[in-house]
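Numbering (the working numbering), first residue to last: 3 to 216.
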């Protein structure tokens with residue numbers, strides 16, 4: 003099984019940019035729609051009633067959409083992006099626990115677990131002198147050691163911030179608010195954070211060896 007960076011585009015990614023976007027956003031949109039229209043879905047498909055309330059129905063459809071998305075990605079794009087793959091594994095584990103135990107806590111804590119895992123992994127790598135972000139994104143950016151260190155620290159802290167933010171939202175607001183935030187809040191925040199890193203990336207970018215002497 004081949005996994006690749008989410009930032010490093012393969013040849014297939016370049017030929018199917020909209021498909022790649024749809025595969026990454028599709029499961030989240032299905033999750034949002036299913037939670038919003040849970041009673042309607044149960045009315046149209048009574049078998050879904052056995053899953054429980056709207057959030058459990060949404061979780062089951064989210065799991066199915068995630069498996070379909072990863073399968074299409076493997077077949078068409080020829081690889082599995084690292085973050086969607088890891089997220090997909092956690093979705094299947096925690097989603098199954100949520101439905102089996104009829105406990106919404108597991109699926110609500112999924113973003114916390116994933117973001118904390120990524121954040122702690124990046125920061126722990128620095129303790130051993132490894133900028134792990136550089137290993138993942140090296141094909142997309144060529145930065146000096148200081149640039150990778152700073153970028154790794156920022157992304158590590160940002161992932162931990164998202165983990166804490168998810169805990170605050172799901173523990174203090176309604177299910178509908180949490181689902182809406184998961185779909186419409188987390189992504190804009192991540193995009194803005196990514197754009198904010200461009201000055202650092204530009205400052206620490208080094209020219210490829212073939213262009214160094216030009």
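Think of the CB as a built atom: it goes at the ideal place given N, C-alpha and C, for glycine as much as any other residue.
Since we're looking at a predicted model, the values are computed, not measured.
Check, Outcome
"Could you compute how far the alpha carbon of residue 129 sits from the alpha carbon of residue 63?", "40 angstroms"
"In terms of residue numbering, what span does the alpha helix (DSSP H) encompassing residue 184 cover?", "177–186"
"I need the DSSP call for residue 20, collapsed to helix, strand or coil.", "helix"
"How should residue 41 be labelled, buried or exposed, when 16 other C-beta atoms within 10 angstroms of its C-beta is the threshold for buried?", "exposed"
"Buried or exposed for residue 30, please, with buried defined as at least 16 other CB atoms from any protein chain shown within 10 angstroms of its CB.", "buried"
"Go ahead and label residue 113 buried or exposed: buried means 16 or more other beta carbons lie within 10 angstroms of its beta carbon, across all protein chains shown.", "buried"
"Using C-beta distances below 6 angstroms, list every residue in its chain close to residue 4, excluding the 5 sequence neighbours before and after it, in chain order.", "With a pLDDT of only 48 at residue 4, under 50, the local geometry of the prediction cannot be trusted, and no value is derived from it."
"May I ask you to list the residues that DSSP assigns as paired with residue 30?", "None, per the DSSP bridge assignment."
"Nearest-angstrom Cα distance between residue 195 and residue 75?", "26 angstroms"
"Which same chain residues, not among the five before or five after residue 180, have their C-beta less than 7 angstroms away from its C-beta?", "110, 171 and 172"
"Figure out for me which residue from 85, 56 and 98 has the closest Cα to the Cα of residue 65.", "98"
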